[in-house]
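Novice: Quick one: the structure is below, and I'll ask about it shortly.
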Amino acid sequence: MSSKASPTSAVHPPVGTLIDGGSLELVEVLGVGGYGVVYRAIDARHPSGPKSYAVKCLVASGNQTPRQRQIHIREIALHQLASAHPGVVTLHRVVEQGSHTYIIMDYAPDHDLFTQILHSCRYLGDDALIKDVFLQLLDAVEYCHSLGIYHRDLKPENILCFDDGLRIAITDFGLATTDKLSDEFRTGSVYHMSPECQGGEFAPTGNYSPMFNDIWSLGIILLNLATGRNPWKSATPGDPTFQAYLRDPLGFLPTSTGASASTCASPLRH
Numbered sequence: 001m002s003s004k005a006s007p008t009s010a011v012h013p014p015v016g017t018l019i020d021g022g023s024l025e026l027v028e029v030l031g032v033g034g035y036g037v038v039y040r041a042i043d044a045r046h047p048s049g050p051k052s053y054a055v056k057c058l059v060a061s062g063n064q065t066p067r068q069r070q071i072h073i074r075e076i077a078l079h080q081l082a083s084a085h086p087g088v089v090t091l092h093r094v095v096e097q098g099s100h101t102y103i104i105m106d107y108a109p110d111h112d113l114f115t116q117i118l119h120s121c122r123y124l125g126d127d128a129l130i131k132d133v134f135l136q137l138l139d140a141v142e143y144c145h146s147l148g149i150y151h152r153d154l155k156p157e158n159i160l161c162f163d164d165g166l167r168i169a170i171t172d173f174g175l176a177t178t179d180k181l182s183d184e185f186r187t188g189s190v191y192h193m194s195p196e197c198q199g200g201e202f203a204p205t206g207n208y209s210p211m212f213n214d215i216w217s218l219g220i221i222l223l224n225l226a227t228g229r230n231p232w233k234s235a236t237p238g239d240p241t242f243q244a245y246l247r248d249p250l251g252f253l254p255t256s257t258g259a260s261a262s263t264c265a266s267p268l269r270h
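In the UniProt record's numbering, the protein residues as written are 1 to 270.
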């Protein structure tokens, strides 16, 4: 998600707008993307005192193509279905107000895994914490897969942090699918995309498995946690770092990322 303004931002409500029958006030913009805007909202009427929520405001319906509308409906449906799991950000309700659709979710005061990894160095060198957080992530993804939901955009930016980074939860089901095979190549973040998702020689059948793509993404996230960096820019034949990995998978970790194979295997041992 980008924090930079986009052309869609002009059609979204300003900070200070009241929604959901006046119970929620949009108080801060958290991010802007092609889909719309994410706000922090406050429920001043909450029984235990003012409570913050994350509110995703989708592009106004009048500015949507039929395909965009279909994608948003799918996003909401799949997120709601997976939302019962503690490792998935809770989707509380969906509000239609005027020409806007608001998705009301838990607010993560500790930002996302990307921020914790890059700016806070929260996990670097702490194998026990990496193991705990990664097992939470595995459990959440396994639950989604058991429902036939494949995220297709697993990356640190889409994993929110709670309790100072001790607890994590997946968010943003905008690219999620229930298709066991897909020909929608290059879907998601290129850093976390599997080779077959990028098409070409790694996808000779003309499609790829979204489930296996998620599993690949999990491996890259584990490397992000263990090393604080991405192992390569893209898992394609033209990427020299990825080629180095293909030539020597075991030797690649310590020489190119600074992580040993045992460090990265540690979270997988129960």
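Where is the CB? At the ideal position from N, CA and C, for every residue including glycine.
Taking 8 Å as the threshold, find out whether the segment 113 to 130 comes into contact with the segment 192 to 207 through three or more Cβ pairs.
Specialist: Touching, no.
Novice: Could you tell me which residues DSSP puts in a beta bridge with L160?
Specialist: Beta-bridge pairing links L160 to D112, A169.
Novice: Beta-carbon separation of A169 and L175 under 8 Å?
Specialist: No, they are not a contact pair.
Novice: Here's the rule I'm using: 16 or more other beta-carbon atoms within 10 Å means buried, otherwise exposed. How should P249 be labelled?
Specialist: Looking at its Cβ environment, which holds fewer than 16 other Cβ atoms inside 10 Å, P249 is exposed.
Novice: Using the Cβ count rule (16 or more neighbours within 10 Å means buried), how would you classify P210?
Specialist: With 16 or more other Cβ atoms within 10 Å, it is buried.
Novice: How long is the line joining the alpha carbons of P109 and R167, rounded to whole angstroms?
Specialist: The alpha-carbon atoms of P109 and R167 are separated by roughly 12 Å.
Novice: If you check the beta carbons only, do T17 and L26 fall under 8 Å apart?
Specialist: The answer is yes: Cβ separation under 8 Å.
Novice: Within 10 angstroms of its Cβ, does D139 collect 16 or more other Cβ (buried), or is it exposed?
Specialist: When all chains shown are included, D139 counts as exposed.
Novice: Does the distance from the CB of T187 to the CB of R229 come in under 8 Å?
Specialist: Not closer than 8 Å, so no.
Novice: Please return the same chain residues whose Cβ sits closer than 6 Å to the Cβ of T255, not counting the five positions on each side in sequence.
Specialist: Correct list: empty, nothing qualifies.
Novice: Looking only at its own chain, which residues have a Cβ that is under 7 Å from the Cβ of Q97, when we skip the five neighbours before and after it?
Specialist: Answer for Q97: I19, listed in chain order.
Novice: Within 10 angstroms of its Cβ, does K233 collect 16 or more other Cβ (buried), or is it exposed?
Specialist: Exposed.
Novice: If I measure Cβ to Cβ from Y102 and keep anything under 6 Å in the same chain, skipping five residues before and after, which residues do I get?
Specialist: The answer, listed in chain order, is I19, V55, C57, V95.
Novice: Based on the DSSP secondary-structure assignment, which residues constitute the bridge partners of A54?
Specialist: R40, M105, per the DSSP bridge assignment.
Novice: If we ignore side chains and look at the alpha-carbon of each, how far apart do D179 and G22 end up?
Specialist: Each residue's alpha carbon lies about 39 Å from the other.
Novice: Assuming Q97 is part of the beta strand (DSSP E), what are its boundary residues?
Specialist: Here the beta strand (DSSP E) through Q97 covers 91 to 97.
Novice: Find the nearest neighbour of S217 within the set N207, A244, D239, S189, judged by alpha-carbon distance.
Specialist: Here the closest residue by C-alpha is S189.
Novice: Which residue's Cα is closest to the Cα of R198: F185, K155, D172, P240?
Specialist: Per the sequence shown, the amino acid found at residue 198 is Gln instead of Arg. If we check each option's Cα against that of Q198, F185 comes out closest.
Novice: Given a cut-off of 8 Å, decide if T171 and F37 are closer than it, judged by their beta-carbon atoms.
Specialist: The question names Phe, but residue 37 in the sequence shown is Val. No, Cβ-Cβ distance for V37 and T171 is not below 8 Å.
Novice: State yes or no: is the C-beta of G219 within less than 8 Å of the C-beta of Y143?
Specialist: No, Cβ-Cβ distance for G219 and Y143 is not below 8 Å.
Novice: Excluding sequence positions up to five away, which residues of its chain have a Cβ less than 6 Å from the Cβ of G238?
Specialist: For G238, where only same-chain residues beyond five positions count, there are no Cβ hits under 6 Å.
Novice: Which partner residues of G31 appear in the DSSP bridge assignment?
Specialist: DSSP output for G31 lists V38 as bridge partner(s).
Novice: Let me make sure I understand the geometry here. Which of L113, N207, P13, G206 has the alpha-carbon closest to that of H100?
Specialist: The option with the nearest alpha carbon to H100 is P13.
Novice: State the Cα-Cα distance for the pair D163 and H111, rounded to the nearest angstrom.
Specialist: Rounded to whole angstroms, D163 to H111 spans 10 Å at the Cα level.
Novice: Could you please give the first and the last residue of the uninterrupted alpha helix (DSSP H) stretch that includes D127?
Specialist: D127 -> alpha helix (DSSP H) spans 127 to 146.
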